[in-house]
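One structure below.
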Amino acid sequence: MPLNLEDKRAIVVSVNAAAAEALSAVVADYRGLSVSEMTALRVKARETGVYLKVVRNTLAKRAVEGTEYECLSDALVGPTILAFSQADPGAAARLIKDFAKDHDALEVKALAVGGVAYGAKDIDVLAKLPTRDEALAQLMSVMQAPVAKFVRTLNEVPGKFVRTVAAVKDKKQQEAA
């Protein structure tokens, strides 16, 4: 069913709004996926906070104009699905990468972060980025390590003293016996 001009404008506005708020984007070729597989991909995308949209390439190119994902225009060829990470920079890459493991038909074309386009082979780098909670946990462990080491060092002084006194006591008991 052909789209009228108002529908096309609505799609462009919707994708442009998602691109403006996105932290990263992944462009993939979905040729060969069944309807049920696409539905499963959309469900996983909603669960992980990823904006997923199948858009005509001409509309997608217009939608990403003026955003930091304009660099993906060259990758918008053939059947294309756009995935924009809304909350976590690596969410879209993880979603597409994990789904592509089980579905060979889904093929990554390109990805972008911070206005720089990367090839499909770089998806592992983006997918391995920690989530916000993981990054905060790593930061807290790095901040806590010096304090914990200092406390262990302070605790070692009386512990060493107690062990020395116990050794002297054992030695005197052996000499007395």
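So the sequence shown is numbered by our numbering: it starts at 119 and just counts up by one. Quick reminder that beta carbons are idealized off the backbone N, C-alpha and C, glycines included.
Counting contacts by CB-CB distance shorter than 8 Å, is residue i in contact with chain B?
i    : result
M261 : You won't find chain B in this structure, because it holds only one protein chain.
Tell me the rounded alpha-carbon separation between residue i and residue j.
i    : j    : result
A230 : A223 : 21 Å
T166 : P264 : 35 Å
V195 : M261 : 47 Å
K171 : V133 : 8 Å
R250 : E225 : 27 Å
P276 : A201 : 58 Å
I129 : A138 : 14 Å
L213 : V161 : 11 Å
K289 : K267 : 32 Å
S152 : V173 : 17 Å
K179 : A255 : 38 Å
V269 : K278 : 14 Å
Does the Cβ of residue i have 16 or more other Cβ atoms within 10 Å, making it buried, or fewer, making it exposed?
i    : result
K246 : exposed
S142 : buried
S154 : exposed
D206 : buried
L272 : exposed
L190 : buried
Ignore the nearest five residues each way along the sequence and tell me which others in residue i's own chain have a CB closer than 7 Å to its CB.
i    : result
K126 : L177
On the premise that residue j lies in contact with residue i, defined as a C-beta separation below 8 Å, what is that separation, rounded to the nearest angstrom?
i    : j    : result
F217 : L257 : About 30 Å; that fails the 8 Å criterion.
A297 : Y169 : With the chain covering 119 to 295 only, the question about residue 297 has no answer from this structure.
Please name the residue in the options whose C-alpha comes closest to that of residue i.
i    : options                   : result
A228 : A135, H221 and K239       : K239
A236 : E186, A295 and L121       : Residue identity check: residue 236 is Tyr in the sequence provided, not Ala. Of E186, A295 and L121, the residue nearest in Cα terms is E186.
Q204 : A146, A163 and L151       : A163
A209 : L190, A193 and V144       : V144
G232 : E274, E188, A193 and D220 : E188
H221 : A253, M156 and A285       : M156
Can you find the residues in the same chain that come closer than 6 Å, C-beta to C-beta, to residue i, ignoring five residues on each side of it along the sequence?
i    : result
K215 : I241 and A245
R149 : P197
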